[in-house]
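Enquirer:
In the working numbering, the protein residues as written are 729 to 922.
1) Touching or not, the region 857-869 and the region 898-912, by the rule of three or more beta carbon pairs under 8 Å?
2) How about residue 754 and residue 786: are their beta carbons less than 8 Å apart?
3) Can you have a look at residue 843 and say buried or exposed, based on whether 16 or more other CB atoms are within 10 angstroms of its CB?
4) Answer yes or no: do residue 832 and residue 803 have a C-beta to C-beta separation smaller than 8 Å?
5) In the DSSP assignment, what residue or residues form a beta bridge with residue 855?
6) Rounded to the nearest angstrom, what separates residue 791 and residue 922 at their Cα positions?
7) With a threshold of 8 Å between beta carbons, is residue 844 in contact with chain C?
8) Using a Cβ-Cβ cut-off of 6 Å (strictly less than) and excluding sequence neighbours within five positions of residue 685, which residues of its own chain qualify?
9) For residue 802, write down the residues that DSSP places opposite it in a beta bridge.
10) Name the residue from 847, 828, 900 whose alpha carbon lies nearest to the alpha carbon of residue 857.
11) Buried or exposed: where does residue 795 fall if 16 or more other Cβ atoms within 10 Å of its Cβ makes it buried?
12) From the DSSP output, in three-state form, read off residue 750 for me.
13) So, are the CB atoms of residue 869 and residue 848 less than 8 Å apart?
14) Run the CB neighbour count on residue 913, radius 10 Å, all protein chains shown included, and call it buried at 16 or more, exposed below.
15) Looking at residue 871: is its Cβ nearer than 8 Å to the Cβ of residue 893?
16) Of all the options 901, 756, 887, 883, which has the alpha carbon lying nearest to the alpha carbon of residue 920?
17) Among 851, 846, 850, 852, whose alpha-carbon lies nearest the alpha-carbon of residue 877?
18) If residue 797 and residue 838 are in contact, beta carbons under 8 Å, what's the gap, nearest whole angstrom?
19) Going by the CB atoms, is the gap between residue 910 and residue 762 shorter than 8 Å?
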């Protein structure tokens with residue numbers, strides 16, 4: 729059994745070494761702001777999205793020339809400020825609710841200059857908000873960004889990536905008048921080249 733494990737590890741190491749120069753991986757963090765898009769309804773509540781932050785990991789694989797495949801996972805957190813509709817005789821104060829989404833981007837990245845790139849693709853969203861006040865954001869969205877990257881030493885790379893993410897392009901929830909999150913911000917990533 730030990731021999732089989734050692735052989736498996738040697739095979740895994742040799743496969744890893746053969747693709748060593750094509751992979752980048754690391755961590756990212758971001759800050760941003762956004763809006764909640766919804767159909768205007770007479771007498772409906774008002775929604776405002778407060779500042780947000782995100783933490784995640786990022787993986788890139790070189791496909792051909794300046795083209796890369798990008799994937800990863802990001803935890804996004806913001807809060808929704810809800811102003812209830814006016815109801816005569818009722819005192820309904822405005823409230824704030826958490827919004828938490830884990831999203832998994834599947835994108836392409838094109839390095840069009842030595843230090844510049846564009847990226848875009850689909851986002852799989854999983855809404856993990858404990859107590860939801862707006863439509864469940866689970867589903868498929870889209871993202872786009874443009875950014876700059878600077879190599880630091882031979883194996884490290886820093887990226888600054890302004891982005892725009894549209895969550896809820898296709899939603900798992902079937903609300904008649906869904907609220908959709910559109911967030912924009914900037915992400916800072918530290919990547920290791922392998």
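Cβ coordinates follow ideal geometry from the N, Cα and C atoms, glycine included.
Expert: In terms of the structure at hand:
1) yes
2) Residue numbering aside, residue 754 sits at position 26 when the chain shown is read from its first letter. Residue numbering aside, residue 786 sits at position 58 when the chain shown is read from its first letter. It is a contact, given that the beta carbons lie within the stated cut-off.
3) To locate residue 843, count along the chain shown from 1; it is residue 115. With fewer than 16 other Cβ atoms within 10 Å, it is exposed.
4) Within the chain shown, residue 832 is the residue found at index 104, counting from 1. Within the chain shown, residue 803 is the residue found at index 75, counting from 1. In this structure, residue 832 sits away from residue 803, with a CB-CB distance that is not shorter than 8 Å.
5) On the chain shown, residue 855 is found 127 positions in, with the first residue counted as 1. In the DSSP output, where bridge partners are listed per residue, residue 855 has 829.
6) Your numbering for residue 791 matches position 63 in the chain shown. Your numbering for residue 922 matches position 194 in the chain shown. For residue 791 and residue 922, the distance between alpha carbons rounds to 14 Å.
7) The chain labelled as chain C is not found in the depicted structure, where only one protein chain is given.
8) What the structure shows of the chain is the stretch from 729 to 922, and residue 685 is not part of that stretch, so it cannot be assessed.
9) For this step, residue 802 is matched to residue 74 along the chain shown. For residue 802, the beta-bridge partners assigned by DSSP are 784, 831.
10) Translated into the one-based positions of the chain shown, residue 857 becomes position 129. When each option's Cα is compared against that of residue 857, the closest is 828.
11) Here residue 795 refers to the residue found at position 67 of the chain shown. By the 10 Å Cβ count, residue 795 comes out exposed.
12) Mapped onto the chain shown, residue 750 falls at position 22. Residue 750 falls in the helix class under three-state DSSP.
13) Residue mapping note: residue 869 aligns to position 141 of the chain shown, counting from 1. Residue mapping note: residue 848 aligns to position 120 of the chain shown, counting from 1. In this structure, residue 848 does not lie closer than 8 Å to residue 869 by Cβ.
14) Translated into the one-based positions of the chain shown, residue 913 becomes position 185. Under this definition residue 913 is a buried residue.
15) Here residue 871 corresponds to residue number 143 of the chain shown, with the count starting at 1. Here residue 893 corresponds to residue number 165 of the chain shown, with the count starting at 1. Closer than 8 Å, so yes.
16) Here residue 920 corresponds to residue number 192 of the chain shown, with the count starting at 1. The residue with the shortest Cα to Cα distance from residue 920 is 883.
17) Counting from one through the chain shown, the residue named residue 877 turns up at place 149. The candidate whose alpha carbon is nearest that of residue 877 is 846.
18) Position 69 of the chain shown, counted from the start, is the residue given in the question as residue 797. Position 110 of the chain shown, counted from the start, is the residue given in the question as residue 838. With a Cβ gap of about 11 Å, residue 797 and residue 838 do not count as contacting.
19) What you label residue 762 is simply residue 34 of the chain shown in a count that begins at 1. What you label residue 910 is simply residue 182 of the chain shown in a count that begins at 1. At a Cβ-Cβ threshold of 8 Å, residue 762 and residue 910 count as neighbours.
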